[in-house]
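Line by line, the protein sequences are chains D and F.
Under my numbering, the residue at position 114 of the first sequence is numbered 114, and the numbers go up by one with no gaps.
To convert, take the position in the second sequence, counting from 1, and add 1000; that gives my numbering.
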Amino acid sequence: MQGIKKFSSKFFVCAALLSALVTHGYAQSTATLIVSGEVATPLELKAQDLASMKQISHKVKDRDGKEHEFKGVALIEILEKAGVTTGAKLRGENLAKYALITAADGYEVLYALAEIDPEFTDQMILLATEKDGQPLPSGEGPFRIIKPGDKKPARWIREVRSIKIAFAKN
Amino acid sequence: MSGRRKIVAGRKLGDSRSIVTILATTFCAFAGMVSVTRQAPVPYALKYPANFGSRFTIPTDNPTTLEGVYLGRMLFYEKRLSANGKLSCESCHEQNRAFTDGRPVSMGVDGSFTPRSSMSLANLLWVRNFFWDGRSQSLEAQAAFPLTDPHEMGQTLAESVIKLQKTAPYPVIFQSAFGETGITEQNILKALAQFERTLISADAPYDRYLAGRYQPTEAELRGMQLFENGPDPKRGIRGANCGHCHGGPKMFKELFHNNGLDRAFADPGREKVTAQSMDKGRFRVPTLRNILLTAPYMHDGRFKTIEAVLDHYSEHIQQSETLSSFLQDVSNEEGGKNLSLAPQEKKDIIAFFGMLTDSTFVTNPAFSNPHSISKNR
Chain D
1 MQGIKKFSSK
11 FFVCAALLSA
21 LVTHGYAQST
31 ATLIVSGEVA
41 TPLELKAQDL
51 ASMKQISHKV
61 KDRDGKEHEF
71 KGVALIEILE
81 KAGVTTGAKL
91 RGENLAKYAL
101 ITAADGYEVL
111 YALAEIDPEF
121 TDQMILLATE
131 KDGQPLPSGE
141 GPFRIIKPGD
151 KKPARWIREV
161 RSIKIAFAKN
Chain F
1001 MSGRRKIVAG
1011 RKLGDSRSIV
1021 TILATTFCAF
1031 AGMVSVTRQA
1041 PVPYALKYPA
1051 NFGSRFTIPT
1061 DNPTTLEGVY
1071 LGRMLFYEKR
1081 LSANGKLSCE
1091 SCHEQNRAFT
1101 DGRPVSMGVD
1111 GSFTPRSSMS
1121 LANLLWVRNF
1131 FWDGRSQSLE
1141 AQAAFPLTDP
1151 HEMGQTLAES
1161 VIKLQKTAPY
1171 PVIFQSAFGE
1181 TGITEQNILK
1191 ALAQFERTLI
1201 SADAPYDRYL
1211 AGRYQPTEAE
1221 LRGMQLFENG
1231 PDPKRGIRGA
1241 NCGHCHGGPK
1251 MFKELFHNNG
1261 LDRAFADPGR
1271 EKVTAQSMDK
1281 GRFRVPTLRN
1291 ILLTAPYMHD
1301 GRFKTIEAVL
1311 DHYSEHIQQS
1321 ETLSSFLQDV
1331 SNEEGGKNLS
1341 LAPQEKKDII
1351 AFFGMLTDST
1361 FVTNPAFSNP
1371 HSISKNR
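What follows is the structure in structure tokens.
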């Protein structure tokens, strides 16, 4: 009797684990940020990966006209982690490279690499994960771009899903 | 002597020249005959207004050609491509309805219904993610779904190849479009994609207005303002903010949103493709071009009329975790929860939608059924 109980409880644990795995495969709740294209190392980053990187913050006025403190990782750090041609390598043909950033809903915005690199600009573009000390709410997060220098926040793209580095070709 | 010799030599030269001429003529005539049967397909010039932009990619292995487009048109209207020989692409995509079928969902060869409503086929050249859930990235890949789905046309591409090979016209038309490869599964998809790329709608009154060749009515102008403006009651600006997701000269943007139809979703939409829970209940933001011809509306065809669609956006948005942020706390009343459009404002927006009906597109003979011409004879 005891043996049967042990067996059945083991069985249930296994079944529970298995179903958890299946649901995980179907609906991934932890959002992922993909960095691809002209990179040395393609990346798949989760919120906890970004939390372990150097954090910076910007106080900026958002669409609602109010000032908010956004905290996260400098976009340049992520590009460096992926081995994008930044810093001393951002010259010659590499100046014709851009980052195409895509949101969950398909919205896209573009920054030239030189707009992101601190050797070219003092405007540190932020990949924010927090607003006023809280994780970004759904519909805005978990990842959002903040560029303090832009007068119009149309490139402060919400729900960032991927960053693709590419050459402008014509 | 030397003179005669010269004459003889001249004659000889003349003879050999005429032989060369005859040989050359024969060769040219032969080569000409060969080139008639093996002529390279002629490039098809896709014409569209400059404000549509050129952000599209045509696969290098499937250039658009006159022969390929013609074949694609034949296949689009070809019932042999369905398991019961009764359905073609046209069954769910009728030209006079801007290539929709007027039904909430469509019936397939097995008598069952498709889970989603037939989509309008206009300006697909610019679309990058096909279907309501955006699961397909090219017109070539897209075409295989409705052809082979057991609840749609229900026939394998291999079976379609066999059926077409048994006909008189198709082997010749396939050869003119694709050369030696002839009738293959891939060439069926390629030809359909080529035809679909030509389905360009760019002659609605709205297009002519943007080109400075149409003067809208008062109601159309009021509707256009409401369509473009986001509501801002504090500044006295009334709006419906439609253009935020549906705007631009082509009247579509490459977007996926949960537009507040339900609190819980029977159809997970884009979540099934991306496996991200943030995408539950998100569907493609469809084109509004020819919108008055494409009822019923939404991915499941739940709204019979355009009036019901406006009522939905104005008063019946349902909250859920993934509801589009563009549909939350947007109101024409200060502190309001609903968009709250006035009855006349809804009528004005519908008047503006009339400017999006492209009669040239829905009557263009180049997009019509090529088979019915021979049937009528």
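All C-beta atoms, glycine included, are put in the ideal place defined by N, C-alpha and C.
E1321(F): which of S1368(F), R1282(F), S1314(F) sits nearest, CA to CA?
R1282(F)
Length of the line joining the Cα atoms of K169(D) and V1273(F)
30 Å
List the residues of chain F that A31(D) touches, going by C-beta distances under 7 Å, in chain order.
Q1276, M1278
Considering A103(D), what are the terminal residues of the beta strand (DSSP E) in which it resides?
97–103
Closer than 8 Å at the beta carbon, the chain D residues around A1257(F):
A quick correction: the sequence has His, not Ala, at residue 1257(F). Going along chain D in sequence order, the residues near H1257(F) (Cβ under 8 Å) are D105.
For V1127(F), does the three-state DSSP call read helix, strand or coil?
coil
Specify the secondary structure class of N1258(F) as computed by DSSP and reduced to three states.
strand
If I measure Cβ to Cβ from I1306(F) and keep anything under 8 Å in the same chain, skipping five residues before and after, which residues do I get?
I1291, L1292, A1295, Y1297, I1350, F1353
Is I116(D) near A99(D), with beta carbons less than 9 Å apart?
yes
Environment of V1127(F) [buried if 16+ CB atoms lie within 10 Å]
buried
P1171(F) versus V1109(F): straight-line alpha-carbon distance, rounded
26 Å
Mapping DSSP to helix, strand and coil, what is C1028(F)?
Any reading at C1028(F) needs caution, since the residue's pLDDT is 46, under 50, leaving its predicted position unreliable; the model's value is listed next. In the structure shown, C1028(F) sits in a helix (DSSP, three-state: H, G or I).
Rounded to the nearest angstrom, what separates S1325(F) and R1284(F) at their Cα positions?
16 Å
Helix, strand or coil for Q48(D) per DSSP?
helix
What residues from chain A crowd round G139(D), counting only those whose CB sits closer than 7 Å?
The question asks about chain A, but that chain is absent: this structure's protein chains are D and F.
Span separating the alpha-carbon of V1362(F) from that of D150(D)
43 Å
With a threshold of 6 Å on Cβ separation, who are the neighbours of I34(D) within its own chain once the five nearest residues in sequence on each side are excluded?
E44, S162
For a test of the three-state rule: what should DSSP assign to P1043(F), helix, strand or coil?
strand
Let me check understanding here. Comparing Cα to Cα, which of T86(D), E67(D), A114(D), K61(D) lies closest to V39(D)?
T86(D)
Just to confirm, is the Cβ distance from G37(D) to A166(D) under 9 Å?
yes
In this structure, does DSSP put Q2(D) in helix, strand or coil?
Because the pLDDT at Q2(D) is just 45, under 50, the model does not fix this residue reliably, and the value given afterwards should be weighed accordingly. Helix at Q2(D).
In whole angstroms, what separates the C-alpha of K1346(F) from that of L1327(F)?
17 Å
A1040(F) to P1049(F), Cα distance in whole Å?
28 Å
Just verifying my parser: in three-state terms, what is the DSSP assignment at P135(D)?
strand
Sort out for me which residues DSSP pairs H58(D) with in a bridge.
F70(D)
For the beta strand (DSSP E) containing F167(D), list its first residue and its last residue.
160–167
I believe C1092(F) touches S1118(F) by the beta-carbon criterion, under 8 Å. Please report the beta-carbon distance rounded to the nearest angstrom.
4 Å
Compare the C-beta of E159(D) with all C-beta atoms of chain F and state if any pair is closer than 9 Å.
yes
Counting Cβ pairs, one atom from each stretch, are 3 or more of them under 8 Å apart for the region 1209–1227 of chain F and the region 1255–1269 of chain F?
no
If the criterion is Cβ atoms closer than 9 Å, does the pair L1121(F) and A1193(F) meet it?
no
Since M1153(F) and A1264(F) should fall inside the 8 Å C-beta cutoff, what is the C-beta to C-beta distance between them, to a whole number of angstroms?
Going by Cβ atoms, the distance from M1153(F) to A1264(F) rounds to 32 Å, so no, they are not a contact pair.
Give me the residue from T30(D), M124(D), E108(D), V109(D) with the minimum Cα distance to Q55(D).
M124(D)
In angstroms, rounded to a whole number, what distance separates the CA positions of T30(D) and R1103(F)?
38 Å
Give a yes or no on whether 9 Å exceeds the smallest Cβ distance from E108(D) to chain F.
yes
Extent of the continuous alpha helix (DSSP H) to which V1273(F) belongs:
1271–1274
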